[in-house]
Structures are given as C-alpha cells and as structure tokens.
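> A single structure is presented below for examination.
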Amino acid sequence: DSIGFAIVGLGGYALNQMMPRIDQAERAHVAALVSGNPDKLRQVGDAYGVPEDARYSYEDFARIAADDRVDAVYIVLPTGLHAEWTIRAFAAGKHVLCEKPMAISSVECERMIAAARRADRKLMIAYRSHFEPYNLEAMKLMRQKAVGDIRLVRTEQSYRMGPTSPSQNWRVNRALAGGGPLEDYGLYGLQSALYLTGEMPESISATTFRPTGDPRFAEIFAHVSAQLQFPSGAVAQLVTSYDSAGGNIALVRGTGGSLIMDPATSYAGQKMRIEGPNGAEFNPGDPTVQFARQLDHLASAIREGTPIRTPGEMGLRDLRLIEAIYASAKAGRTEKVAPDGRLRR
Ligand code: NAD
C-alpha cells in the first residue's frame, strides 16, 4: 500500500538531502519525476529506477492526472512557484506535499488550501522538524515543563551567502523567495518558538536590514530580527541572516533551567541538552529519519485519513506571522496579532 510520489523540481535539496533518504520510508516511494532538464531526468530516473514513461517535463505535467502510479506530488521548487504547481497538482487529482515555506504570501496559501478542498485531496507542508527525534523530544520536554515555565526563547538561523544576484539565484530574487532569510532559514526559528512554547504570539515587533550596493541584497533583506510576546508572558527573540557566520540554534530559558539545541534543526548532527536541576544530554534517535517519516505521515493520512500534523493551515499561519513581522519592521511599531496569525489593527 506504498504511496507513489512524483518529485517536482530536481534541485539541491531534492537530490542531495531528501531523495537519498526516501528508501527509509515504509509507505512511500518515488513513482515519477518532473524536471525541465532532460539530462537530469535520465540520470536521476535511472538512479532511482523510475520508468521512462514516468519522467515528465513541466510542459507534460497535466498528463500525470492519468498516471495511476502517482498518488501524491512533492513540490520542491523555488518558493514563488509553490502555489502554481500545488494548484496544478490538485487539478490533476493528486495529493500534495509542498516544501516550506508554503508560498510567498498568505493570499497564495489561502488559494492552495481552497484548491485542496475543491479537489478533496490532502495538503501537507514539509516541515521536517515535526518528524525529527530531537525536536519531537524537545516539544515533549517543554510540555512536561522540564525547564519550568518558559520565559524566553532565542533562535538564530544564519549563514553567509557567497556573491550572487537576483538573476543568478532564486533565493535572493523577491518574486521567487519573498523577503529573504526569514522565509527560508529563519522560518525554522519561528516554528521552534511556536512549537516549544506551544503558544501563538499576541504581538510582534521586528526590524529588517538591507545594505546598499550589494547585489545579493538588491531585492531581499540581509537580516531580520523579531520579538514575539506570548500570552503566558514568555518572549521569543528570533534572528536570521544571509550575511553572518553560520548558526542554527534554539534556546529556551524557563523558571527551572534551560534547553539548548545547537544545531537545532539541521539535516543531521543535532545536539541537545538541558542545564539546571533536570540537567541531561539527549540522544533520542537518528535525525535523518525526518525525511522519510514525513512521507510516511502523509501516506497514513491518505490511506487511513489520520490527521496531518503540518497541514496547509500551519503554512498559512506562518506566512501570516512573517507578514506581521515585515509589517512591524516597515511601520516601526509593535503589531498585535490574532490567534490565527492575522494582523489585528
Ligand atoms: P535549488 O535552487 O537547489 O533547486 C530548485 C530547483 O527548481 C532546480 O532544480 C531548478 O532547476 C528548478 N526550477 C524550476 N523552475 C525554476 C525557476 N523558474 N527558477 C529557478 N529554479 C527553477 O533550491 P532548493 O534548495 O532545492 O530549494 C527548493 C525548495 O525546497 C524551496 O522551496 C526551499 O525552501 C525548499 N528547501 C527545503 C529544505 C528543508 O530542509 N526542508 C532545504 C532546502 C530547501
């Protein structure tokens, strides 16, 4: 009863991270490939045993509707293309797993959710940390109050991007990436702040920075920082940058200790410890199962109708919060947000 996935977009993440780990999945396999590059289709198709008549170009994509080997489509394209290809996949009658961020605006997310409803198909966002043993253990520890009541969360997701420009690299192109590091890497920090506290912020204050005369940042921000205030009184401080030395950290300080995750949300190599009265080092399992587990999760939702842990609604919520962060930075004031992430004005 394995679910057949069509992989759309054979870029760095699909080829180097996700696809090499799909054979760890119990209920999912690669059934088809979609790419604009015939050489890649041939090489990757041969490597993964994908039949020649299941190798599609983008122009060919509509034919996938009649391909019963394909149950679900996994969108691994630049973010600005997620909405269009998700909606095309639903039009072809398939379920969709869409990479994060869900899209470049909340309006696009709403269109994707509506398309899923109309097609009566599942929509899941590939938030892999929700399927990764360290982050799952951290969520459990925080629920059990292993550091007491949470007062502060700090997250940092940064790296220094080499020389590039919007015509060379979609990640610095506003139409394809949105505002920049926040949607891409910083989203892990935003997600961590929400799933570690188990809360939604009630207000947000933020700043952005863009140096002048640097082609990398002609269209996007170089750094974004945001402070989220939660109903419990906890505060989260998030920073993300494409122009500083690398870091991928989540830190929680509570009334009874600290949780330190460094690296927090990497592909592999997570490290996690608690300092304080419950001090311990944690090794809850192999982080690299996260890629296959999310495919199995969608497979179960499709086969048994089990709920999706990371549905389109979660992707939408996060895009709304990202928009609230930019709105605060632009207006230079604290913005109030509703429990669904919408700006409250
Ligand atoms: P990438 O640039 O390596 O790959 C993008 C692919 O899309 C390339 O094969 C490119 O040829 C293709 N493409 C098709 N149309 C294109 C167009 N108009 N412009 C540019 N490229 C086009 O990017 P990536 O790092 O593989 O990212 C792809 C998606 O996966 C993004 O949504 C990204 O946010 C997500 N991602 C997720 C993770 C994760 O850990 N979950 C990690 C990296 C990337």
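Add 6 to the 1-based position in the sequence shown for this note's numbering, that's all there is to it. All residues carry an ideal CB built from backbone N, CA and C; glycine is no exception. All values derive from a computational prediction rather than experimental measurement.
1) For the ligand NAD, is there any heavy atom lying closer than 8 angstroms to the beta carbon of residue 161?
2) Quick one, are the C-beta atoms of residue 294 and residue 130 less than 9 angstroms apart?
3) So, do the segment 128 to 142 and the segment 228 to 240 have three or more beta carbon pairs nearer to each other than 8 angstroms?
4) Please confirm if the segment 177 to 186 is in contact with the segment 112 to 130, defined as three or more CB-CB distances below 8 angstroms between the two stretches.
5) Assign residue 167 to one of three DSSP states: helix, strand, or coil.
6) Please tell me whether, using a cut-off of 8 angstroms, the distance from the CB of residue 20 to the nearest non-hydrogen atom of the ligand NAD is below it.
7) Does the beta-carbon distance from residue 269 to residue 255 come in below 9 angstroms?
8) Beta carbon of residue 244, beta carbon of residue 111: below 9 angstroms?
9) For residue 214, which residues from the same chain have a beta carbon less than 6 angstroms from its beta carbon, with the 5 sequence-adjacent residues on both sides left out?
10) For residue 343, which of helix, strand or coil comes out of DSSP?
11) Using a threshold of 8 angstroms, is the CB atom of residue 41 nearer than that to any non-hydrogen atom of the ligand NAD?
12) Whose C-beta lies closer than 8 angstroms to the C-beta of residue 116 among residues of the same chain, with five residues either side of it excluded?
13) Using DSSP's beta-bridge definition, name the partner residues of residue 48.
14) Enumerated in chain order, which unbroken segments of the beta strand (DSSP E) with a length of 3 residues or greater are wholly contained in the segment 55 to 129?
15) Expressed to the nearest angstrom, what Euclidean distance is found between the alpha-carbon atoms of residue 13 and residue 225?
16) Can you grab the Cα-Cα spacing for the pair residue 219 / residue 152, in whole Å?
17) Could you confirm whether any beta carbon from chain E is found closer than 9 angstroms to the beta carbon of residue 243?
18) Contact defined as beta carbons within less than 8 angstroms: I believe residue 164 pairs with residue 253. What is the distance between those atoms, to the nearest angstrom?
19) Please name the residue in 79, 83, 87, 105 whose C-alpha comes closest to that of residue 98.
20) Is the segment 61 to 68 in contact with the segment 29 to 40, if contact means three or more CB pairs nearer than 8 angstroms?
21) For residue 156, tell me which candidate among 262, 162, 307, 106 has the shortest Cα-Cα distance.
22) To which residues of the same chain is residue 186 closer than 6 angstroms at the C-beta, ignoring the five residues directly before and after it?
23) Tell me whether residue 297 sits in a helix, a strand or coil according to DSSP, three-state version.
24) Please tell me whether residue 61 and residue 306 are closer than 9 angstroms, where the distance is taken between their beta carbons.
25) In this structure, what does DSSP give as the bridge partners for residue 40?
26) Could you pull the DSSP bridge partners for residue 242 from this structure?
27) Using only CA atoms, which one of 350, 93, 154 lies nearest to residue 285?
28) Taking just the CA atoms, how far does residue 10 sit from residue 297?
29) Excluding the five sequence neighbours on either side, which residues of its own chain have a C-beta within less than 6 angstroms of the C-beta of residue 162, listed in chain order?
30) For a test of your reading of the model: does the CB of residue 273 fall under 8 angstroms from any non-hydrogen atom of the ligand NAD? Yes or no.
31) Does the ligand NAD have a heavy atom nearer than 8 angstroms to the CB of residue 132?
32) So residue 222 and residue 248 are in contact, right, with Cβ under 8 angstroms, and what is the actual spacing, rounded?
In short, the structure shows the following:
1) Taking the sequence shown and counting its residues from 1, one reaches residue 161 at position 155. Residue 161: no, Cβ never under 8 angstroms from the ligand NAD.
2) Within the sequence shown, the letter at position 288 stands for residue 294. Within the sequence shown, the letter at position 124 stands for residue 130. Cβ distance not < 9 angstroms, so residue 294 and residue 130 don't count as in contact.
3) no
4) Taking 8 angstroms as the limit for Cβ pairs, the verdict is that the segment 112 to 130 does not touch the segment 177 to 186.
5) The count along the sequence shown starts at 1 and reaches residue 167 at position 161. In the three-state reduction of the DSSP assignment, residue 167 falls in the coil class.
6) The count along the sequence shown starts at 1 and reaches residue 20 at position 14. Residue 20 Cβ: within cutoff of the ligand NAD.
7) Working through the sequence shown from its first residue, we reach residue 269 at position 263. Working through the sequence shown from its first residue, we reach residue 255 at position 249. Result yes, Cβ atoms of residue 269 and residue 255 sit closer than 9 angstroms.
8) The count along the sequence shown starts at 1 and reaches residue 244 at position 238. The count along the sequence shown starts at 1 and reaches residue 111 at position 105. Result no, Cβ atoms of residue 244 and residue 111 do not sit closer than 9 angstroms.
9) Along the sequence shown, one-based indexing puts residue 214 at 208. For residue 214, where only same-chain residues beyond five positions count, the Cβ hits under 6 angstroms are 227, 230, 335.
10) By 1-based counting over the sequence shown, the position of residue 343 is 337. In this structure, residue 343 counts as strand in the three-state DSSP scheme.
11) Working through the sequence shown from its first residue, we reach residue 41 at position 35. Because some heavy atom of the ligand NAD lies under 8 angstroms away, the Cβ of residue 41 counts as near it: yes.
12) As a working note, residue 116 is residue 110 in the sequence shown. Once the five neighbours on either side are set aside, the close Cβ partners of residue 116 are 322.
13) Within the sequence shown, residue 48 is the residue found at index 42, counting from 1. In DSSP, residue 48 forms no bridge with anything.
14) 78 to 81, 101 to 104
15) For this step, residue 13 is matched to residue 7 along the sequence shown. For this step, residue 225 is matched to residue 219 along the sequence shown. Using only the alpha carbons, I get a separation of about 29 angstroms.
16) Counting from one through the sequence shown, the residue named residue 219 turns up at place 213. Counting from one through the sequence shown, the residue named residue 152 turns up at place 146. Going from the Cα of residue 219 to the Cα of residue 152 covers about 47 angstroms.
17) Checking the listed chains, one finds no chain E in this structure; it contains a single protein chain.
18) Position 158 of the sequence shown holds residue 164. Position 247 of the sequence shown holds residue 253. The Cβ separation is near 5 angstroms, so the contact holds.
19) Reading the sequence shown from its first residue, position 92 is the one you call residue 98. Here the closest residue by C-alpha is 79.
20) The segment 61 to 68 vs the segment 29 to 40: in contact.
21) By one-based count along the sequence shown, residue 156 stands at place 150. The shortest Cα separation from residue 156 among 262, 162, 307, 106 belongs to 262.
22) The residue given as residue 186 occupies position 180 in the sequence shown. Result list for residue 186: 226, 227, in chain order.
23) Numbered from its first residue, the sequence shown carries residue 297 at position 291. The answer is helix: DSSP assigns residue 297 an H, G or I state.
24) Position 55 of the sequence shown, counted from the first residue, corresponds to residue 61. Position 300 of the sequence shown, counted from the first residue, corresponds to residue 306. Using a Cβ distance threshold of 9 angstroms, residue 61 and residue 306 do not count as a contacting pair.
25) The residue you call residue 40 lines up with position 34 of the sequence shown. Answer is 14, 62, bridged to residue 40.
26) Position 236 of the sequence shown, counted from the start, is the residue given in the question as residue 242. BP columns for residue 242 point to 159, 234.
27) Here residue 285 refers to the residue found at position 279 of the sequence shown. If we check each option's Cα against that of residue 285, 154 comes out closest.
28) Working through the sequence shown from its first residue, we reach residue 297 at position 291. Working through the sequence shown from its first residue, we reach residue 10 at position 4. Near 15 angstroms, if we compare the C-alpha coordinates of residue 10 and residue 297.
29) The count along the sequence shown starts at 1 and reaches residue 162 at position 156. 245, 253, 255, listed in sequence order.
30) Locating residue 273 in the sequence shown gives position 267, where the first residue counts as 1. Yes - the ligand NAD has a heavy atom lying nearer than 8 angstroms to the Cβ of residue 273.
31) Within the sequence shown, the letter at position 126 stands for residue 132. Yes, Cβ of residue 132 sits closer than 8 angstroms to a heavy atom of the ligand NAD.
32) Taking the sequence shown and counting its residues from 1, the one referred to as residue 222 is at position 216. Taking the sequence shown and counting its residues from 1, the one referred to as residue 248 is at position 242. Yes, residue 222 and residue 248 are in contact; Cβ-Cβ is about 7 angstroms, under 8 angstroms.
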